[in-house]
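Trainee: One structure is given below, represented as C-alpha cells, and several questions about it will come after.
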Amino acid sequence: MAEEEEQSAIPMHTDDVMSDPKTGSDSDSDSDSDDEAVKLQIQTLESELYTNPANYDAHVQYISALRKEGELEKLRGAREAMSEVFPLTPAMWQEWIKDEISISSGSDAFTAVEKLYERGVLDYLSVSLWCDYINFVQEYDPFVREGSPTGISKLRNLFERALTAAGLHIAEGYKIWEAYRKFEQTLLDTMDKTDIESREKQVQHIRNIFHRQLSVPHTALNVTLIAYKSWEAEQGTGIDPNNSSLDGIAAHTSSAYQKALEMLNTRVHLEDLVSKQESTDLERLQEYMAYLKFEQTSGDPARVQILYERAIAEFPISADLWLNYTEYLDRTLKAAKIVKDVYCRATRNCPWVKELWVRYLLILERLHASEEDISAVFEKSLNCTFSSLDEYLDIFLTRVDGLRRRISIDGEPNVEFALIRDTFQRASDYLSEMNSTGSLLHMYRYWARLESSLGKDIVAARGVWESLLKSSGSIYEVWEGYISMEIGAGHINNARSLYKRCYSKRLSGTGSEDICHSWIRFEREYGTLQDLDHAVQKVSPRLAELQLFRLLQDSKYVAVSTDQTDTSSKVKEKKRKPVPGVNSEESPAKRQKGTSQNLNQKKSHNVDKNQLKTSDVVEEKEHSEGQVGKPERENDVETKASSVTKSRHYNDQCTAFMSNLNFKATGEDLRNFFSDVGGIKDVRILKDKFTGKSRGLAYIDFSDDEHLAAALKKNKRILLGKKVSIARSDPKQGRKEGSTKHGKSESKEPTQISEGNKGTHSDQGHREDKVQMIGKNTFAAPRNVRPLGYTSNINTDSDRVAEVADEQPKSNDEFRKMLLRK
1 MAEEEEQSAI
11 PMHTDDVMSD
21 PKTGSDSDSD
31 SDSDDEAVKL
41 QIQTLESELY
51 TNPANYDAHV
61 QYISALRKEG
71 ELEKLRGARE
81 AMSEVFPLTP
91 AMWQEWIKDE
101 ISISSGSDAF
111 TAVEKLYERG
121 VLDYLSVSLW
131 CDYINFVQEY
141 DPFVREGSPT
151 GISKLRNLFE
161 RALTAAGLHI
171 AEGYKIWEAY
181 RKFEQTLLDT
191 MDKTDIESRE
201 KQVQHIRNIF
211 HRQLSVPHTA
221 LNVTLIAYKS
231 WEAEQGTGID
241 PNNSSLDGIA
251 AHTSSAYQKA
261 LEMLNTRVHL
271 EDLVSKQEST
281 DLERLQEYMA
291 YLKFEQTSGD
301 PARVQILYER
311 AIAEFPISAD
321 LWLNYTEYLD
331 RTLKAAKIVK
341 DVYCRATRNC
351 PWVKELWVRY
361 LLILERLHAS
371 EEDISAVFEK
381 SLNCTFSSLD
391 EYLDIFLTRV
401 DGLRRRISID
411 GEPNVEFALI
421 RDTFQRASDY
431 LSEMNSTGSL
441 LHMYRYWARL
451 ESSLGKDIVA
461 ARGVWESLLK
471 SSGSIYEVWE
481 GYISMEIGAG
491 HINNARSLYK
501 RCYSKRLSGT
511 GSEDICHSWI
521 RFEREYGTLQ
531 DLDHAVQKVS
541 PRLAELQLFR
551 LLQDSKYVAV
561 STDQTDTSSK
571 VKEKKRKPVP
581 GVNSEESPAK
591 RQKGTSQNLN
601 QKKSHNVDKN
611 QLKTSDVVEE
621 KEHSEGQVGK
631 PERENDVETK
641 ASSVTKSRHY
651 NDQCTAFMSN
661 LNFKATGEDL
671 RNFFSDVGGI
681 KDVRILKDKF
691 TGKSRGLAYI
701 DFSDDEHLAA
711 ALKKNKRILL
721 GKKVSIARSD
731 PKQGRKEGST
741 KHGKSESKEP
751 TQISEGNKGT
761 HSDQGHREDK
771 VQMIGKNTFA
781 APRNVRPLGY
791 TSNINTDSDR
801 VAEVADEQPK
811 SNDEFRKMLL
821 RK
C-alpha cells in the first residue's frame with residue numbers, strides 16, 4: 001500500500017513558472033518596492049471583489065497578482081471564487097492545473113488534479129485540454145502505469161469520452177485519434193507474443209480505431225490513410241503502403257473513407273474562413289454563423305453541436321450564439337442531460353440575457369426537474385442584472401406559470417399555492433418602481449385570478465386589487481379589472497359598490513367618462529330599474545361636468561393655436577426688409593381696419609378670461625370630488641405641504657446628479673459616499689409621488705465648484721452594490737427644454753420692456769403694435785394683450801392729440817406723392 005501511494009504522488013517541480021518571492025533570490029534592488037506595489041494591488045482588488053463579485057477583469061487581475069506574490073492558499077481560493085461565478089477558459093484551467101501539480105504531493109494530489117480536469121473540460125470545448133488530461137492520467141495514474149485491466153479500461157473510457165466531445169473537430173480532432181491509437185499500439189507491443197488470441201484481439205481493436213477515424217472528415221485524413229496502410233503491411237495483410245490507391249482495403253472502409261473525403265472537401269473553404277487569424281472577430285463570428293447554417297442543412301445533429309461548441313469557445317459571450325444553440329437543442333436533441341448542461345453554461349456566460357433564463361426554467365420543467373433545482377435557478381436569475389424591469393417581470397411570471405401548471409395540472413404534492421403567493425408578493429415588492437402600468441396590471445390581474453380560482457380565497461383576491469389601487473387608483477383599467485373579477489365571481493353587489501367608489505374620481509385620459517358609461521351598462525345588464533335610475537342620477541351630472549370641462553379645454557387649445565399662428569406671422573413680418581423707394585408706413589385704411597380688430601380682440605379677450613376662470617372652477621371641483629372620503633383637515637395639511645414644497649427653489653448651479661442608485665440608499669449613505677470629498681450642502685433623493693419610495697435618482701448640492709469637480713471623479717464607483725453614475729446638473733439646459741416644450745420657463749425672468757428699448761418705442765411714435773415681448777411667458781396670450789410690466793408711452797393729452805393727428809387718413813393725391821417721392 002505504501003508503494004502504491006508513493007507511485008500516485010505527484011512530484012513537486014520547484015522550477016515551475018510560479019515562484020514564491022520569499023524563497024527565490026532577491027537580486028534586484030527595487031524588489032521590495034515591487035512587492036509593496038503588488039500587495040497594495042491585492043488589497044485594492046480584494047476590496048473591489050468584495051463590493052462587486054461579478055467583476056470579471058478584477059478576478060483575472062487578482063489571480064495574476066496572487067500568483068506573482070506566491071500566496072498559494074489565497075490563489076486557490078481566488079480561482080475557486082471565480083469559477084463559481086464565471087466559466088474559466090482552457091488556458092486558465094491549464095495554468096491552474098500546472099500550479100497544482102507543481103505544489104502538490106501525496107496520495108491525494110492525483111485525485112485533486114483529476115477533479116480539476118473534469119471541471120475544466122465541461123466549461124468549453126478544448127482538444128488541447130483533453131489531450132493534457134489523457135497524458136496526465138497515463139503518467140500519474142498507478143493503475144494505468146501498471147497496465148492492469150482496471151487502468152486500461154479507465155483510460156479507454158477516457159479516450160471514448162474525449163472522442164465524443166471532440167472527435168468530430170475537423171481541424172484538431174485527429175490528435176485524440178492518434179493518441180488513442182498510440183496507446184493501443186503500446187499495449188500490443190507489451191503483450192506476450194505467445195498469447196496469440198490476446199494479440200489478435202488487440203490487433204482487431206486497433207484496426208477498428210483506424211476504420212472509425214477514416215470514416216470521419218478531418219484535416220489529417222490522408223495522413224491517416226497512409227498510416228493505416230503501413231500498419232496493415234506490418235500485420236502481413238499484403239497491402240502496399242506505397243500505393244496511393246485503395247487497393248487491398250475492405251470495401252466498407254474504402255467507401256467510408258471516400259465519403260469522409262468528400263465531406264472534408266466541401267468544408268475546407270469554410271474551415272479556412274473561421275480559422276483566418278487576420279479577420280476581425282465580427283467577421284469570424286459571421287463566418288461561423290454561415291458554417292452553422294451549412295451544417296444544419298446537412299442534417300447531422302452531432303456535427304452541428306460540435307461546431308456550436310467550437311464557436312462558443314471562441315466567442316463565449318455572444319448572446320445570439322447561445323440563443324441559437326439552445327433553440328437548436330430544444331428542437332432536435334432529446335438528451336436531457338446535454339440540454340440541461342448547455343443551458344447552465346449559457347446562463348453562466350451570458351447572465352444578463354433574460355431569454356436564456358426563461359428557457360432554462362422551462363426546460364427544467366419539461367425535464368421534470370425537482371422543485372429544489374428549479375428554485376435554485378430562479379434565485380440565480382434574480383441576482384443578475386437585466387436592462388429593464390420588464391425583464392425581471394418576465395422571470396417572475398415564468399416562475400409562476402410553472403408553479404401553476406405543476407399544481408393544477410400535474411398535482412405535485414411538494415408544490416403548494418403559498419409558493420405562488422410568495423412569488424407574486426416578491427414581484428410586487430421588487431417591481432414597485434416599475435412605470436409600465438400595462439405590465440403591472442397584467443401581473444395583478446393574473447395574481448388575483450389565481451387567488452380566486454386556484455387558492456379559493458376571494459378575500460385575498462380583493463386584497464390584491466386593493467393594493468394595486470393604492471398606487472394606480474387613477475387608472476381606469478385597474479378599476480375595470482377589479483369590477484370584472486367581482487362580476488365573474490357573481491358578486492354583483494360588490495361590483496356595484498366599486499362603481500359607487502370610483503365614478504366621481506378623476507381618472508387619466510377618458511377614464512372618468514368610461515367608468516360612468518360602464519356603470520350604466522352594468523346596471524342595464526345586472527341591476528333592477530331602481531338601480532339603473534340611481535346610476536343615471538349619479539353619473540348624469542358628472543358626465544355633464546366632464547363634457548363642459550372638455551369643451552373648455554378644447555377652447556383653450558384653439559386659443560393657444562391661434563395665438564401661436566399670429567405670433568409666427570408677426571415675426572415673419574418683422575423680419576421682412578423694406579422695399580427701396582416705398583414708404584413703409586401703413587395706409588389709413590389698414591390703420592382703421594387694425595383699430596377695429598383691436599377692439600374686437602379686446603372683447604374676446606374678456607370672454608376668454610371668464611372661460612378660463614370657469615374651467616379652473618370645474619377642474620377644482622372635479623379634483624375635490626375625486627378626493628371623496630378624505631378628511632378636510634388632511635386635505636388642508638396636504639395643501640400646505642405641497643405649497644411649501646413648490647416654493648422651494650434650487651438653481652442647481654453647483655449640483656451633482658446621481659443615477660442608478662440602490663433603492664435602499666439613504667441621504668446618510670450618500671453623505672458617507674462623498675465624505676472624502678466634503679463640501680456637501682444638501683442631499684435630495686427623488687421619490688415616487690405615489691409610493692414614496694426612492695426612484696434611484698438624487699441631487700447633491702456642493703458649496704463650490706472645487707468640491708463638485710472632486711465628486712464627479714467618483715463616477716462609476718460602487719455604492720451599495722450598484723455602479724452609480726454622477727454628472728453635473730445643468731439647469732440652463734433643463735429650463736431651455738422646459739420653455740420649448742411647455743411654453744414656460746423656470747428662469748423667472750420678468751416679462752417686461754427693457755430700459756434700453758424705451759427710447760426706441762418713443763421714436764417710433766408710441767405705437768402699440770411695436771411692443772416687444774422681452775420675457776418668455778407669452779404662452780396663450782392674445783395678440784393685443786399687453787405683456788406683464790408694460791408701461792404705455794402715451795401719458796399726456798398732447799401725446800394723444802399727436803397720435804390722433806398721426807391717424808388722420810391721407811387723400812389719394814397725398815398717398816400718390818408719398819409713393820413717388822425720391
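Residue 64 in my numbering sits at position 64 of the sequence shown; the count goes up by one each step and never skips.
Positions of the beta carbon are idealized from the N, C-alpha and C atoms, including for glycine.
Quick caveat, the model's predicted, so the values are computed rather than measured.
According to the neighbour-count rule (16 or more other Cβ atoms, all chains shown, within 10 Å of its Cβ), is S604 buried or exposed?
Mentor: In this prediction, S604 has a pLDDT of 41, which is less than 50 and means its spatial position is unreliable; what the coordinates show is noted afterwards. So S604 counts as exposed.
Trainee: In whole angstroms, what is the alpha-carbon distance linking A418 and R399?
Mentor: Approximately 13 Å, taken between the alpha carbons.
Trainee: At the level of alpha carbons, what is the spacing between E197 and G238?
Mentor: Straight-line Cα distance between these residues: approximately 21 Å.
Trainee: Output the boundary residues of the beta strand (DSSP E) element that contains L686.
Mentor: From DSSP, the beta strand (DSSP E) with L686 extends over I680 to K687.
Trainee: Using a Cβ-Cβ cut-off of 6 Å (strictly less than) and excluding sequence neighbours within five positions of L362, which residues of its own chain qualify?
Mentor: So the list is empty, once near-sequence residues are dropped.
Trainee: Can you give me the Cβ contacts of M263 inside the same chain, cut-off strictly under 6 Å, excluding the 5 residues immediately before and after it?
Mentor: Taken in chain order, the residues that qualify are P217.
Trainee: If you follow the beta strand (DSSP E) that Y699 is in, where does it begin and where does it stop?
Mentor: That run of the beta strand (DSSP E) goes S694 to F702.
Trainee: A313 and S126: beta carbons closer than 8 Å?
Mentor: Their beta carbons are under 8 Å apart, which means A313 touches S126 by this criterion.
Trainee: What residues match up with K723 in a beta bridge as DSSP calls it?
Mentor: DSSP, once it has assigned bridges, lists I718 as partnering K723.
Trainee: How big is the Cα-Cα spacing for Y308 and R406?
Mentor: Going from the Cα of Y308 to the Cα of R406 covers about 33 Å.
Trainee: Taking DSSP as the reference, what is the three-state secondary structure of T332?
Mentor: Helix.
Trainee: Judging by CA-CA distance, which residue of A165, Q213 and Q138 is the nearest neighbour of K154?
Mentor: That would be Q138, whose Cα lies nearest to the Cα of K154.
Trainee: Cβ of A179 within 8 Å of Cβ of C131?
Mentor: Yes, these two residues count as a Cβ contact at 8 Å.
Trainee: Could you tell me the distance, in whole angstroms, from the CA atom of L158 to the CA atom of I134?
Mentor: About 7 Å.
Trainee: Given this structure, state the Cα-to-Cα distance separating S439 from S453, to the nearest angstrom.
Mentor: About 21 Å.
Trainee: Can you round the beta-carbon distance between T326 and L356 to whole angstroms, since I take them to be within the 8 Å contact cut?
Mentor: Yes, T326 and L356 are in contact; Cβ-Cβ is about 7 Å, under 8 Å.
Trainee: Contact check, I492 vs C502 under 8 Å by CB: the rounded distance?
Mentor: With a Cβ gap of about 16 Å, I492 and C502 do not count as contacting.
Trainee: Going by the beta-carbon positions, is the gap between Q41 and A65 smaller than 8 Å?
Mentor: Yes, Cβ-Cβ distance for Q41 and A65 is below 8 Å.
Trainee: Buried or exposed for T111, please, with buried defined as at least 16 other CB atoms from any protein chain shown within 10 angstroms of its CB.
Mentor: The residue is exposed, with fewer than 16 neighbouring Cβ atoms inside 10 Å.
Trainee: Can you check the region 476-512 for any alpha helix (DSSP H) of at least 4 residues that lies completely inside it and give the ranges in chain order?
Mentor: Within the region 476-512, the complete alpha helix (DSSP H) runs of at least 4 residues are 476-488 and 492-502.
Trainee: For G120, which residues of its own chain have a beta-carbon under 6 Å away from its beta-carbon, when the five flanking residues on both sides are left out?
Mentor: These residues qualify, in order along the chain: W93 and L129.
Trainee: Just to confirm before moving on: does the CB-CB distance between I700 and F674 stay below 8 Å?
Mentor: Cβ atoms of I700 and F674: closer than 8 Å.
Trainee: Starting from the Cα of Y124, find the closest Cα among W322, L543, T297 and L507 and give me that residue.
Mentor: Closest option to Y124, Cα to Cα, is W322.
Trainee: Which residue from H205, R366, L661 and R695 puts its Cα closest to that of N715?
Mentor: When each option's Cα is compared against that of N715, the closest is L661.
Trainee: Applying the 10 Å Cβ sphere with the 16-neighbour rule, what's the burial state of Q854?
Mentor: The structure shown does not extend to residue 854, since the chain is modelled only from 1 to 822, so the question has no answer here.
Trainee: Less than 8 Å between C-beta atoms, sequence neighbours within five positions excluded: which residues of the same chain meet that for A171?
Mentor: Cβ within range, chain order: H218, T219, E271 and S275.
Trainee: Kindly list the residues whose CB is nearer than 6 Å to the CB of E523, restricted to its own chain and excluding five residues on each side of it in sequence; keep chain order.
Mentor: The residues are D531, L532 and A535.
Trainee: Residues in the same chain with beta-carbon distance under 7 Å from Y228, minus the five sequence neighbours each way, listed in chain order, please.
Mentor: Excluding sequence neighbours, Y228 sits near F210 and L214.
Trainee: Using only the alpha-carbon positions, how far apart do G70 and E232 sit?
Mentor: Spanning the two alpha carbons is a distance of roughly 53 Å.
Trainee: Tell me the rounded alpha-carbon separation between Y174 and I306.
Mentor: C-alpha separation (whole angstroms): 14 Å.
Trainee: Are the Cβ atoms of Y444 and L468 separated by less than 8 Å?
Mentor: Closer than 8 Å, so yes.
Trainee: Give me whichever residues DSSP pairs with A656 in a beta bridge.
Mentor: DSSP lists I700 and R728 as partners of A656.
Trainee: Should E620 go down as buried or exposed, given a rule of 16 or more other Cβ atoms within 10 Å for buried?
Mentor: Residue placement at E620 cannot be trusted, given a pLDDT of 41 that sits under 50; the coordinates are not used to answer.
Trainee: Just verifying my parser: in three-state terms, what is the DSSP assignment at K741?
Mentor: Its pLDDT being 40, under 50, K741 is placed unreliably by the model, and the measurement read from it follows with that caveat. Of the three classes helix, strand and coil, the one that applies to K741 here is helix, per DSSP.
Trainee: Cβ of R695 within 8 Å of Cβ of E391?
Mentor: Result no, Cβ atoms of R695 and E391 do not sit closer than 8 Å.
Trainee: Would R67 be called buried (16 or more neighbouring beta carbons within 10 Å of its own) or exposed?
Mentor: Per the 10 Å Cβ criterion, buried.
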